[in-house]
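Peer 1: After the C-alpha cells below, expect a handful of questions from me.
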Amino acid sequence: MLSVLMSVYHKERPEYFDQAMKSIWDNQSLKPDQIVLVEDGPLTTELYDVIKNWKVKLGEVLDIISLEKNLGTGGAKSIGLEKCKGDYIAVMDTDDISNPERFEKQIKFLEKNTDIDALGCFLEEINEKNEIIKDSVLYPQTHDSLRKFFSKRDPIAHPTTMFRRRFFDKGVKYLPSLVMAEDTLLWYQAFLNNCKLANIDYIGLRFRRSSDFYKRRANWKKTIGLLKFRLFHINRDLNYGIKADIYAIAYFLMSISPSFVKKILYKLFR
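Going by full-length UniProt numbering, the sequence shown opens with residue 1, and the numbers climb by one from there.
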C-alpha cells in the first residue's frame, strides 16, 4: 500500500497546489492508495476550494487533517505521518510536480532492494511558468556514497523521497527544531539509526525554484543554528572531520551573501 504525505499552508499558490495533485494522481502510472493532506493552519478561500474539489474527486483516498495554527512543515508532517497507512510513504511538496513514473519506479526498486529504507531520485528545476531552468540535478546513488556526500549537503532531495514505514519505526522523526534544516535533521537521524539510503537514476520530480529565491534574506538565528548543528553534532557524531567543518562554514557564508553572489555559487555547486 502506498501513502503520499503532503502539507499545505496559506502562502501556497492554488494553481501550483492543483498541479501537484494532478501530478500524483491524474498523471501517475501507479496511483497512491492514500493521500494524507495536512492543512498547516488556516488557508485561503482559493486553497480550500482546490481541496474541496479534490475531496469530491478522490473520496476516501484523500485524508485531510486540519491544524488550528501553523506548525511548519516538520510539525505538520509529523502529525500527518501518524495517519499514513501504507507500507510505503512518499512525500510531496505542494508546489512541485512529480513525473509520471516516479512512484512506480521507486516501488519497483524498493521491492527489489529490500535493505533500503529511504529512496530518492534526481530532479529538474522549473520556474513559475513550469519552464525548465535546470534540466538535471543529480545525487549519489549508493548508501556509502550518500553518507560521504552528507558531509557537504543533504544526500537525498527530500521532496523526491519514498520511505518504508520501518524508516520511522527505527526512531527517525520529523522534528521542527531547525525550521530551515528539517531535511538535514531527518537524514542525520537516519544515519545515526542505521537506516540505509539510496537514489535511483531517474528524474522523478520537477522542483519549483521561484524567481525570488536568491533575494530572500537569510534568517540569522536559523542559519547560525544550522552551522552550529553541523559543526557540533553532524560532523562530530558521523566522524566527518575538518573538511566538513570548512564546507559548513563556506555554506554559511554563501547563505548570508548578496543575492548575485549566492546565485553564482548556487549554479556552480547545485
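Cβ atoms here follow ideal geometry from the backbone N, Cα and C, with glycine treated the same way.
1) Rounding to the nearest angstrom, what Cα-Cα distance links Asn239 and Ala248 in this structure?
2) On the three-state DSSP scale, how would you describe Arg209?
3) Quick check: what's the CA-CA separation for Leu81 versus Gly72?
4) CB Pro176 to CB Phe207, shorter than 8 Å?
5) Check for me: the beta strand (DSSP E) holding Phe109 runs from which residue to which?
6) Roughly how many angstroms separate the alpha carbons of Asp49 and Gly171, rounded to a whole number?
7) Which same chain residues, not among the five before or five after Arg236, have their C-beta less than 7 Å away from its C-beta?
8) Less than 8 Å between the CB atoms is what I'm expecting for Val8 and Phe17, so what's the real figure, rounded?
9) What runs of the alpha helix (DSSP H), each 4 residues or longer, lie entirely inside the stretch 107-164?
10) Below 6 Å CB to CB, which residues in the same chain sit around Asn27 once its five sequence neighbours on both sides are set aside?
11) Hey, how far is the Cα of Leu226 from the Cα of Tyr88?
12) Rounded to the nearest angstrom, what separates Leu67 and Leu2 at their Cα positions?
13) Give me, in chain order, the residues of the same chain whose beta-carbon lies closer than 6 Å to that of Lys57; leave out the 5 immediate sequence neighbours on both sides.
14) On the three-pair Cβ rule with 8 Å, is the stretch 35-42 touching the stretch 98-118?
Peer 2: Once the coordinates are examined:
1) Whole-angstrom Cα-Cα distance: 14 Å.
2) Note: Arg209 maps to coil in three-state DSSP.
3) Using only the alpha carbons, I get a separation of about 14 Å.
4) No, Cβ-Cβ distance for Pro176 and Phe207 is not below 8 Å.
5) From DSSP, Phe109 is part of no beta strand (DSSP E) but of the alpha helix (DSSP H) over 102-112.
6) Cα to Cα, Asp49 sits roughly 37 Å from Gly171.
7) For Arg236, where only same-chain residues beyond five positions count, there are no Cβ hits under 7 Å.
8) Contact flag correct, Cβ pair sits at about 6 Å.
9) Those alpha helix (DSSP H) runs which fall completely within the stretch 107-164 and span 4+ residues are 143-149.
10) The residues are Pro100.
11) Straight-line Cα distance between these residues: approximately 30 Å.
12) Looking at the two C-alpha atoms, the distance is approximately 24 Å.
13) Apart from the 5 residues on each side of it in sequence, Lys57 has no Cβ closer than 6 Å to any other Cβ in its chain.
14) Taking a cut-off of 8 Å on C-beta distances, the stretch 35-42 does not touch the stretch 98-118, as fewer than three cross pairs fall below it.
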